[in-house]
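Under the numbering used here, the residue at position 78 of the sequence shown is numbered 641, and the numbers go up by one with no gaps.
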Amino acid sequence: MSKKSALTWRVNDIVVASVLAVACALIFWLWSNFGYSAITTTLALAPEYSPLAGGVWLLAGLLGALVIRKPGAALYTELLAAVIEALLGTHYNFTVVISGLVQGLGAELIFLIFFYKVWNLATAMLAGLASGAAMGISEIIIYYAGEMVGQKAVIYVLCSMISGLVLAGLVSWLLVRGLVSTGALDSLAAGRAARRPSRRGGSASSKG
Numbered sequence: 564m565s566k567k568s569a570l571t572w573r574v575n576d577i578v579v580a581s582v583l584a585v586a587c588a589l590i591f592w593l594w595s596n597f598g599y600s601a602i603t604t605t606l607a608l609a610p611e612y613s614p615l616a617g618g619v620w621l622l623a624g625l626l627g628a629l630v631i632r633k634p635g636a637a638l639y640t641e642l643l644a645a646v647i648e649a650l651l652g653t654h655y656n657f658t659v660v661i662s663g664l665v666q667g668l669g670a671e672l673i674f675l676i677f678f679y680k681v682w683n684l685a686t687a688m689l690a691g692l693a694s695g696a697a698m699g700i701s702e703i704i705i706y707y708a709g710e711m712v713g714q715k716a717v718i719y720v721l722c723s724m725i726s727g728l729v730l731a732g733l734v735s736w737l738l739v740r741g742l743v744s745t746g747a748l749d750s751l752a753a754g755r756a757a758r759r760p761s762r763r764g765g766s767a768s769s770k771g
């Protein structure tokens with residue numbers, strides 16, 4: 564397969580990325596309306612620590628990128644999931660679409676830096692970190708302008724990055740590894756990479 568065709572989206576890629584987006588949108592909706600709201604209520608006196616649980620909202624972009632392994636996969640999946648979440652109804656209204664755009668771009672940037680060739684755990688966690696940073700900064704601007712400043716703002720962004728690193732980067736990588744082992748992704752880039760013989764002592768699962 565040529566390099567150009569390896570990075571070109573197929574119909575199957577679009578369908579799978581869309582299915583992932585729908586599934587993640589349902590998770591986002593449940594988390595927004597039931598899980599995260601309880602956490603923010605508990606941390607009402609220290610809201611700067613609430614993003615430690617925000618990494619859940621970054622899963623779509625990371626999963627889409629790690630499964631499809633094509634340019635734009637992180638952005639497409641994260642943004643579509645956000646749009647669907649907004650349509651389902653959330654107290655954040657359509658600001659979640661802006662969040663999805665920014666968070667998807669944060670993850671996309673990391674995969675772009677590696678020319679969409681490196682798909683190992685370190686890259687996934689770095690993408691989660693970047694997506695978390697994008698989430699933290701954008702949420703301060705959208706939801707906490709003039710309120711989350713100074714040390715609180717720094718803590719908020721750091722907590723967002725930690726959450727992105729673990730809940731998005733690590734968890735999504737583990738989920739994809741599990742799916743690959745079942746053969747469910749055999750027709751996709753992630754599955755094909757796992758079947759590819761290891762070269763030069765490197766891991767076959769690390770490159771798409």
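Just so it is clear, CB atoms sit at the ideal spot from N, CA and C, and this is done for glycine as well.
Spatial neighbours of residue i in its chain, beta-carbon cut-off 7 angstroms, leaving aside the 5 residues before and after
| i | result |
| --- | --- |
| A644 | A584, C587, A588, F591, A623, G663 |
| L668 | L638, A697 |
| Y655 | S595 |
| L728 | M688, G691, L692, G695 |
Contacting residues, own chain, Cβ-Cβ under 6 angstroms from residue i (five flanking each side not counted)
| i | result |
| --- | --- |
| S726 | P614, L615, G617, G618, G695 |
| L642 | G663, L664, G667 |
Pairwise C-alpha distance: residue j and residue i
| i | j | result |
| --- | --- | --- |
| L692 | L730 | 10 angstroms |
| V582 | L638 | 14 angstroms |
| A753 | G699 | 29 angstroms |
| G764 | N683 | Confidence is the limiting factor: at G764 the pLDDT is only 42, short of 50, which leaves the residue's position unreliable, though a coordinate-based value still follows. Roughly 14 angstroms between the two C-alpha positions. |
| L608 | A690 | 30 angstroms |
| L625 | A687 | 7 angstroms |
| W594 | V646 | 15 angstroms |
| S735 | A747 | 15 angstroms |
| S744 | L621 | 23 angstroms |
| G541 | Y706 | Here the chain covers residues 564 to 771 and nothing more, so residue 541 does not appear. |
| F674 | V659 | 23 angstroms |
| E671 | A636 | 8 angstroms |
| D576 | K680 | 17 angstroms |
| T640 | P634 | 11 angstroms |
| V712 | S723 | 15 angstroms |
| L651 | T571 | 31 angstroms |
| A708 | A649 | 22 angstroms |
| L737 | V717 | 29 angstroms |
| A601 | F657 | 21 angstroms |
Residue of the options minimising C-alpha distance to residue i
| i | options | result |
| --- | --- | --- |
| V574 | R755, L751, I700, A757 | L751 |
| P610 | A580, A757, G627, K715 | K715 |
| A569 | I602, A708, F678 | F678 |
| R755 | T603, F597, R632 | R632 |
| T783 | Y719, F597, E710 | Lying before the first or after the last residue shown, residue 783 is absent from the chain, which here runs from 564 to 771. |
| T603 | L650, G713, Y719 | Y719 |
Any chain D beta carbon closer than 8 angstroms to residue i
| i | result |
| --- | --- |
| S600 | Chain labels in this structure do not include chain D; a single protein chain is all it has. |
Cβ shell of residue i (< 8 angstroms), same chain only, five flanking positions each side left out
| i | result |
| --- | --- |
| A599 | The identity of residue 599 in the sequence shown is Tyr, whereas the question assumes Ala. Around Y599: S613, A616, G617, V619. |
| V630 | V579, A580, L583, A636, V739, L742, L748, L751, A752, A753 |
| L721 | G699 |
| L733 | L684, A687, M688, G691 |
| I703 | M711, A716, Y719, V720 |
Contact belief for residue i with residue j at Cβ below 8 angstroms, rounded distance in angstroms
| i | j | result |
| --- | --- | --- |
| I676 | S701 | With a Cβ gap of about 20 angstroms, I676 and S701 do not count as contacting. |
Residue i: CB within 7 angstroms of a non-hydrogen atom of the ligand ZN
| i | result |
| --- | --- |
| L650 | With respect to the ligand ZN, the structure offers nothing, as it holds no ligand at all. |
My parser needs the beta strand (DSSP E) runs of 3 or more residues fully inside the region 660-746; what are they? Within the region 660-746, not a single complete beta strand (DSSP E) segment reaches 3 residues in length.
Hey, which unbroken runs of the alpha helix (DSSP H) at 4 residues or more fall wholly within the region 619-662? Here the runs fully enclosed are 622-631, 636-651.
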